[in-house]
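Asker:
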Amino acid sequence: MVNPSQEDTTSSLRNFKRRRDSLLHEDVSTFRDHLGRFLQFCREDSLTKRVLDPIEEQSDVDVEKWWEEYKESNGNLNFPSNEEDEMWVRLRLLEKMQDDRQTIFRFGVLHSGGNREKNVQLVRSLIVRPFVEELSTRIGDEADIASPEAREVQAVPHERIPASNTTRIFLSHKSVDKAIVRRYYDALDELGFKPWLDDEDMPAGKKLDRGILQGFQESCAAIFFITDNFVDEDFLADEIDYAKQQERDRGKKFSIITLQYPGATTVPGLLQPYTYKTVSNDLEGFYEVVRALPVELGKERWKENVV
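Numbering-wise, the UniProt record's numbering puts 15 at position 15 of the sequence shown, and it's gapless, one number per residue.
Spelled out as structure tokens, the structure:
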């Protein structure tokens, strides 16, 4: 597969936004025309297809059966619990509405619609908007470029859209503190962050210095754990140097975070120019870490499964 150029990706983002906004905001009398152009774009644009094709391949929902059950339910919009299946049902329902204008009327009747304008507004609110919002997020993630077009699709300033290979979190520690650091790793990973830990990210045979340097280059923060096991700072001098270089190069997009645990000696001189926190337990430490990170969690959504 030939990777698309940034120019192609930018063009896709720009055209997607134009089709999406017309579908959502133009006069209701032209809704089906804009719906047709939007769906054609989804079928033909390479970036959008990279998002939608896997959904089609993975979903086995019988949309016609779902539609018949929906009509019998008096308008109870009971979408599949699986997010991919829900996306697929919404897409196929929009295709059905474009192919058969009566589908919009029937949908409106089930939701106490009536005239054409009210029916279209119901479709936009209940079907179109949730679909295009999720699709916008996925297309922005797939594009993975910080550009004005990505900003417009994701509705955030372009300078706040990082590339995916710059948002890891480097966990610097002594081996004897592995149990503490592993708890942070698991918690950060569960929340959707991308922690870097030598056990996980240093395959056998990889040169130590080169692997650690790469870890810093792929990270947006470095956390230094200072515990009572700390004796001297020589073992982490190189890692502090790597962190300081990233902070100089990237400014506010890279954080140096130091946690001082009970019983630890004073914070190493190499780290004292940076803000550090004295914490009494992991919960306090984790709170300080999340506050200090330059990246934030993604948009809220209901879980597919709850443990």
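C-beta atoms are modelled at their ideal positions from N, C-alpha and C, and glycine is treated no differently.
Here the structure is a predicted model, which means the values were calculated and not measured.
Can V91 and F131 be called in contact, C-beta distance under 8 Å?
Answerer: Residue mapping note: residue 91 aligns to position 91 of the sequence shown, counting from 1. Residue mapping note: residue 131 aligns to position 131 of the sequence shown, counting from 1. It should be pointed out that residue 91 corresponds to Leu in this sequence rather than to Val. Against a cut-off of 8 Å, the Cβ pair of F131 and L91 comes out as a contact.
Asker: Among the candidates G108, Q246, S125 and R210, whose CA atom is the shortest distance from the CA of S219?
Answerer: Numbered from 1 along the sequence shown, position 219 holds the residue referred to as residue 219. Comparing Cα positions, the closest option is Q246.
Asker: Which residue comes first and which comes last in the beta strand (DSSP E) that contains R183?
Answerer: If you number the sequence shown from 1, residue 183 lands on position 183. Segment K178 to E190 is the alpha helix (DSSP H) holding R183; no beta strand (DSSP E) there.
Asker: With a threshold of 16 other CB atoms inside 10 Å of the CB of S81, please say whether the residue is buried or exposed.
Answerer: Position 81 of the sequence shown, counted from the start, is the residue given in the question as residue 81. Its Cβ having fewer than 16 others within 10 Å, S81 is exposed.
Asker: How many Å lie between K277 and I257 at the Cα?
Answerer: Reading the sequence shown from its first residue, position 277 is the one you call residue 277. Reading the sequence shown from its first residue, position 257 is the one you call residue 257. If I take the Cα positions, the gap works out to 8 Å.
Asker: Is the CB-CB distance between V279 and L259 below 8 Å?
Answerer: As a first step, residue 279 must be located in the sequence shown, where it is residue number 279. As a first step, residue 259 must be located in the sequence shown, where it is residue number 259. Yes; because the gap between Cβ atoms is below 8 Å, this pair is in contact.
Asker: Is it true that the CB of A179 sits closer than 8 Å to the CB of residue 358?
Answerer: Because the chain here runs from 1 to 307, residue 358 falls outside it and cannot be looked at.
Asker: Find the nearest neighbour of E84 within the set N78, E56, G192 and N119, judged by alpha-carbon distance.
Answerer: The residue labelled residue 84 in the question sits at position 84 within the sequence shown. Comparing Cα-Cα distances from E84 to each of N78, E56, G192 and N119, the minimum goes to E56.
Asker: For the alpha helix (DSSP H) that contains F254, what are its first and last residues?
Answerer: Locating residue 254 in the sequence shown gives position 254, where the first residue counts as 1. Unbroken run through F254: none, as it is neither H nor E.
Asker: For Q6, which of helix, strand or coil comes out of DSSP?
Answerer: Within the sequence shown, residue 6 is the residue found at index 6, counting from 1. Correct three-state label for Q6: helix.
Asker: DSSP three-state label for K194, please.
Answerer: As a first step, residue 194 must be located in the sequence shown, where it is residue number 194. Here K194 carries a strand assignment [DSSP, helix/strand/coil].
Asker: Roughly how far, in whole angstroms, is the beta-carbon of A221 from the beta-carbon of F170, given that I think they are within contact range, below 8 Å?
Answerer: Taking the sequence shown and counting its residues from 1, one reaches residue 221 at position 221. Taking the sequence shown and counting its residues from 1, one reaches residue 170 at position 170. About 7 Å; that satisfies the 8 Å criterion.
Asker: On the DSSP letters alone, give me the boundaries of the alpha helix (DSSP H) that T48 sits inside.
Answerer: Along the sequence shown, read from residue 1 onward, the residue named residue 48 stands at position 48. Residues S46 to Q58.
Asker: What distance in whole Å lies between the Cβ atoms of V28 and R101, which are believed to be in contact at a cut-off of 8 Å?
Answerer: Start at 1 with the first residue of the sequence shown, and residue 101 comes out as number 101. Start at 1 with the first residue of the sequence shown, and residue 28 comes out as number 28. With a Cβ gap of about 13 Å, R101 and V28 do not count as contacting.
Asker: With 16 other CB atoms within 10 Å as the buried threshold, where does Q98 fall?
Answerer: The residue given as residue 98 occupies position 98 in the sequence shown. Under this definition Q98 is a buried residue.
Asker: Based on the DSSP secondary-structure assignment, which residues constitute the bridge partners of Y274?
Answerer: Taking the first residue of the sequence shown as position 1, residue 274 is located at position 274. Per DSSP, none; premise fails for Y274.
Asker: State the Cα-Cα distance for the pair L13 and G269, rounded to the nearest angstrom.
Answerer: Stepping through the sequence shown from its first residue, residue 13 is reached at position 13. Stepping through the sequence shown from its first residue, residue 269 is reached at position 269. Those two C-alpha atoms are separated by around 48 Å.
Asker: Apart from the five residues just before and just after D189, which ones in its own chain have a Cβ nearer than 7 Å to its Cβ?
Answerer: The residue labelled residue 189 in the question sits at position 189 within the sequence shown. Excluding residues within five positions, the ones whose Cβ falls inside 7 Å are P195.
Asker: Just the Cα atoms here: how many angstroms apart are L213 and Y242?
Answerer: By 1-based counting over the sequence shown, the position of residue 213 is 213. By 1-based counting over the sequence shown, the position of residue 242 is 242. Using only the alpha carbons, I get a separation of about 7 Å.
Asker: State yes or no: is the beta carbon of L297 nearer than 8 Å to at least one beta carbon in chain B?
Answerer: Of the protein chains in this structure there is only one, and it is not chain B.
Asker: Determine the direct distance from the alpha carbon of D177 to that of V295, and round the result to whole angstroms.
Answerer: As a first step, residue 295 is located in the sequence shown; it is residue number 295 there, counting from the start. As a first step, residue 177 is located in the sequence shown; it is residue number 177 there, counting from the start. Near 25 Å, if we compare the C-alpha coordinates of D177 and V295.
Asker: Please report the straight-line C-alpha distance between L271 and G36, rounded to a whole angstrom.
Answerer: Translated into the one-based positions of the sequence shown, residue 271 becomes position 271. Translated into the one-based positions of the sequence shown, residue 36 becomes position 36. The alpha-carbon atoms of L271 and G36 are separated by roughly 59 Å.
Asker: Report all residues from its chain with a CB closer than 7 Å to the CB of K206; omit the five preceding and five following residues, and keep chain order.
Answerer: Position 206 of the sequence shown, counted from the start, is the residue given in the question as residue 206. Interpretation of K206 is limited by its pLDDT of 47, a score under 50 that renders its predicted location unreliable; the figure taken from the coordinates is listed afterwards. Result list for K206: empty, nothing under 7 Å.
Asker: Give the secondary structure of A264 by DSSP, where H, G and I count as helix, E and B as strand, and everything else as coil.
Answerer: Locating residue 264 in the sequence shown gives position 264, counting from the first residue. Look at A264 here: in three-state DSSP terms it is coil, with no helix or strand label.
Asker: By the 10 Å Cβ neighbour count, where 16 or more other Cβ atoms means buried, how is Q6 classified, buried or exposed?
Answerer: Position 6 of the sequence shown, counting from 1, holds the residue named residue 6. That one is exposed.
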